[in-house]
Amino acid sequence: MTISIPIPIPKDEDYVYPVSHLDLCKPLISTTITHPAIIIPAKLTSSIRADLKKILMNRPKMRDIYALSPEVAHSDASIDPKTERKVVLTNSNSEYPGEKIFQHPAIEKLFNDTNQDLATVRKSSHDVVIGYDHFTVEEVLSKLLPKEHFTEIPSSFEVIGHLAHITLREEYNPYKYIIGRAILDKNKGIQVVVNKTGTIQNEFRTFPMEILADDRKPRKETSEKKKDGIDLNLLVEVKEDGCKFQLDFEKVYWNSRLQFEHRRIVHTIAGKERPTNMKKRELKKAAKDKDSDQDMKESSSSSQEKIIVADACAGIGPFAVPLTSQFDHVEVYANDLNPESYKYLEINSKLNKCNHGKKVALHTYNMDGRYFLRKLDEDGIKYDHVLMNLPAIAPEFLNVFRGWKGDYNHRPMVHVHCFAAKVGGEEEAVKRCGRNLGCELDMDKDEVYVHEVRNVSPKKNMYCVSFRLPEGVKEVEQVQEFGAIVSNENDDEDEEPPSKKLKA
Numbered sequence: 001m002t003i004s005i006p007i008p009i010p011k012d013e014d015y016v017y018p019v020s021h022l023d024l025c026k027p028l029i030s031t032t033i034t035h036p037a038i039i040i041p042a043k044l045t046s047s048i049r050a051d052l053k054k055i056l057m058n059r060p061k062m063r064d065i066y067a068l069s070p071e072v073a074h075s076d077a078s079i080d081p082k083t084e085r086k087v088v089l090t091n092s093n094s095e096y097p098g099e100k101i102f103q104h105p106a107i108e109k110l111f112n113d114t115n116q117d118l119a120t121v122r123k124s125s126h127d128v129v130i131g132y133d134h135f136t137v138e139e140v141l142s143k144l145l146p147k148e149h150f151t152e153i154p155s156s157f158e159v160i161g162h163l164a165h166i167t168l169r170e171e172y173n174p175y176k177y178i179i180g181r182a183i184l185d186k187n188k189g190i191q192v193v194v195n196k197t198g199t200i201q202n203e204f205r206t207f208p209m210e211i212l213a214d215d216r217k218p219r220k221e222t223s224e225k226k227k228d229g230i231d232l233n234l235l236v237e238v239k240e241d242g243c244k245f246q247l248d249f250e251k252v253y254w255n256s257r258l259q260f261e262h263r264r265i266v267h268t269i270a271g272k273e274r275p276t277n278m279k280k281r282e283l284k285k286a287a288k289d290k291d292s293d294q295d296m297k298e299s300s301s302s303s304q305e306k307i308i309v310a311d312a313c314a315g316i317g318p319f320a321v322p323l324t325s326q327f328d329h330v331e332v333y334a335n336d337l338n339p340e341s342y343k344y345l346e347i348n349s350k351l352n353k354c355n356h357g358k359k360v361a362l363h364t365y366n367m368d369g370r371y372f373l374r375k376l377d378e379d380g381i382k383y384d385h386v387l388m389n390l391p392a393i394a395p396e397f398l399n400v401f402r403g404w405k406g407d408y409n410h411r412p413m414v415h416v417h418c419f420a421a422k423v424g425g426e427e428e429a430v431k432r433c434g435r436n437l438g439c440e441l442d443m444d445k446d447e448v449y450v451h452e453v454r455n456v457s458p459k460k461n462m463y464c465v466s467f468r469l470p471e472g473v474k475e476v477e478q479v480q481e482f483g484a485i486v487s488n489e490n491d492d493e494d495e496e497p498p499s500k501k502l503k504a
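No gaps in the numbering here: position 225 of the sequence shown is 225 in UniProt numbering, and each next residue is one more.
Here is the structure:
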C-alpha cells in the first residue's frame with residue numbers, strides 16, 4: 001500500500017480508513033526545525049534560563065537546555081564541552097522572529113555583559129525533530145486531512161469523565177477512526193472517544209453514538225466490554241461542584257457545558273453560602289466515619305427556613321443532588337421519565353449521601369413530569385420552587401398548572417428551560433410560557449426573569465424563564481389528561497462548539 005499525506009479522499013464513498021493507517025503516516029509527518037540558540041557556561045544555566053524564560057523554546061515533551069553535541073564542542077578546542085550548555089530559543093516570537101531573537105534586549109544584555117564568566121557566550125543553532133508525539137491534535141489533523149476538501153479541522157469536543165464526545169460532520173467519516181485516535185493519544189485522562197451519529201430524537205434526550213477509539217482495559221469482573229446490558233466503556237463518573245455523578249452516557253442525558261447553569265440554579269434556590277476550604281477538608285475527613293454523615297451538611301442551615309423543590313425533569317440529579325447533599329434546609333422531590341435516569345438518580349443520591357438515616361431529603365420518582373407535579377399537589381406537598389429542565393418541550397409542561405388548586409398565598413417560583421431565537425428570544429420564551437399556562441405573565445407582579453443560559457447555534461439560544469406562578473391560572477380550566485408532547489425543535493445541542501478544544 002502506498003501511503004501519502006495528506007491522506008486522500010477514498011474513491012469508495014463508504015470506505016473508512018482503519019486506525020492502523022495513522023501508525024503508517026506517523027513517520028511521514030516528522031519534520032526538522034532549526035531554532036536559534038546560545039551557548040553558555042554550564043554553571044550559569046539556572047540564572048540565565050530564568051532571565052530568558054519568556055523567549056525559550058516551548059515545545060511539548062522537549063527540553064530547552066542541552067549538552068553540547070560533538071560538532072558544536074569541536075568549534076572551540078580550548079573549551080571543555082562539559083563546562084558548557086546550549087540554550088534553545090524560540091523561533092516564533094512575534095516581535096523578534098527567527099534569527100532576530102538575538103536582537104531581543106535580554107539576549108543583547110547577555111552579550112554586552114562584562115562579566116568574565118560570560119565571555120564565552122556565543123550564538124548557535126539547534127535542530128529539533130518534531131514528530132507525532134510533539135504535535136497537537138490540530139497540527140496532526142491539519143497534516144493528515146486534505147485541505148482542499150475541508151474548510152476547517154474538527155477542533156472541539158466535550159469531556160464527560162474519561163470519555164470525549166465529538167460530533168463529526170459526514171464528510172469526515174472516512175477519517176473518523178484516525179481523528180478519534182488522535183484525540184485519545186493527545187489528551188491525558190481520555191480513555192474513550194465517541195462520535196454522535198444522529199440527533200436527539202427521543203423523549204429521553206439520548207442519541208445514537210459510536211466508539212471511535214478505546215484505551216480501556218476490560219474490567220476485572222468480566223473480560224467482556226458489556227455487562228448487564230451496559231457498555232462498560234460508556235459507564236462514567238463525573239465530578240461537578242463538589243458532587244460525584246455516575247451515569248451510562250449511552251442511556252441518559254448529560255451535558256457538561258451546563259455546569260454553570262446547574263450552579264446558578266442551586267445558588268438561586270438555596271443561597272450562595274458554601275463550605276470554606278478548611279471546612280471541606282474537615283467534612284471530607286468526617287465522611288470516612290459512618291456515624292458522622294450528618295456533619296456533611298452546612299451548619300448554617302439550622303437558621304434558614306426549609307425550602308421544598310419539585311424537580312420535574314431531574315435527570316441523574318445535577319440540581320437535586322447538590323441541593324440535598326450540601327444544604328440541610330432543602331428537600332427535593334425529583335422525577336424523571338427515563339428509567340435509566342431514575343436508576344442513576346438513586347445511585348447518585350446514595351453516592352453523595354443525600355439522605356441520612358430516617359431523614360429523607362431527596363425523594364425520587366419515575367413518571368411523566370406533569371403527573372408527578374399533579375401527584376405532589378394531591379399529596380399536599382407545598383413546594384417553593386419547580387424545575388423544568390427539558391429545553392425542547394419544558395414550556396408545554398406548564399399546562400399542568402391550569403386550574404391549580406394550591407395556596408395562592410404561597411405561589412411557587414417556576415424555572416423553565418427552553419430554546420428560542422437569538423433575536424427576540426427572551427420575549428418569545430415568556431410568551432410561550434404564558435400560552436401554555438393559559439394566562440399572560442406579568443413581568444413585575446409575577447417576578448419574571450429571563451436568563452440566557454448559552455449559545456446553541458447561530459440562530460438559537462437556550463434560556464431559563466423564572467417566574468412566580470401567576471394567580472391567573474386558577475381561572476383556567478384544568479387539564480384532566482395529558483397527552484404526549486411532540487417537539488418541533490431539533491434538540492441538537494451539539495450545533496455549538498463544545499467547551500473543550502482539542503489540545504496536545
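Where a beta carbon is used, it is the ideal one built from N, C-alpha and C, also for glycine.
Looking at the DSSP output, K123 shares a beta bridge with I38. Closest in alpha carbon position to Y175, among K186, E440, H149 and D442, is H149. The Cβ-Cβ distance between G438 and V476 falls below 8 Å. Secondary structure of A106 (DSSP, three-state): helix.
Under the DSSP definition of a beta bridge, M367 lacks any partner. Membership of I307 in the beta strand (DSSP E) is indicated by the continuous run I307 to D311. By the neighbour-count definition (other C-beta atoms within 10 Å, threshold 16), M57 is a buried residue.
About 14 Å separates the beta carbon of I130 from that of T90, a gap too long to meet the 8 Å contact definition.
Checking the DSSP bridge columns, you'll see C418 partnered with Y463.
In the DSSP assignment, R85 forms a beta bridge with I40 and A67. Looking from the CA of Y15, the closest CA among K422, Y177 and V473 belongs to Y177. In the structure shown, the three-state DSSP call for A270 is helix.
In terms of Cβ geometry, P318 and H262 form a close pair [threshold 8 Å]. DSSP places S457 outside any alpha helix (DSSP H); the residue lies instead in the beta strand (DSSP E), whose first and last residues are Y449 to S457. Per DSSP, the continuous beta strand (DSSP E) segment holding Q246 begins and ends at C243 to D248. For H21, the enclosing alpha helix (DSSP H) stretches over residues S20 to C25.
Using a Cβ distance threshold of 8 Å, D336 and C313 count as a contacting pair. For N195, the pairing in a beta bridge is given by DSSP as I166 and E210. For the pair H363 and Y383, the CB atoms are not nearer than the 8 Å cut-off. A distance below 8 Å separates the beta carbons of I265 and H415. Within the stretch 331 to 404, the alpha helix (DSSP H) runs of at least 4 residues that lie entirely inside it are, in chain order, 339 to 351 and 369 to 378.
Rounded to whole angstroms, the gap between the alpha carbons of K100 and A420 is 53 Å. Contact between the stretch 109 to 122 and the stretch 42 to 54 is present, with at least three C-beta pairs closer than 8 Å. If you ignore the 5 residues before and after V479, its C-beta comes within less than 6 Å of the C-beta of N399 and R402, all in its own chain and listed in chain order. Assigned with DSSP and collapsed to three states, R49 falls in helix. The bridge partners DSSP lists for R468 are M413. Within a 10 Å sphere around the beta-carbon of A119 sit fewer than 16 other beta-carbons, which makes this residue exposed. Ranked by Cα distance from P60, the first of T114, E428, F135 and H162 is F135. Bridge partners of I33 according to DSSP: V128.
The C-alpha of T206 is placed about 6 Å away from the C-alpha of I200. A Cβ-Cβ contact shorter than 8 Å links I307 with A270.
When Y342, W254, D64 and K143 are compared, the shortest CA-CA separation from P8 is found for K143. Take I3, set aside five residues on each side of it, and the residues of its chain with a beta-carbon closer than 7 Å to its own are L24, C25 and L28, in chain order. Rounded to the nearest whole angstrom, the CA to CA distance from T31 to T114 is 39 Å.
It is roughly 44 Å from the alpha-carbon of Y172 to the alpha-carbon of Y371. Contact between the stretch 176 to 190 and the stretch 247 to 263 is not established, with fewer than three Cβ pairs separated by less than 8 Å.
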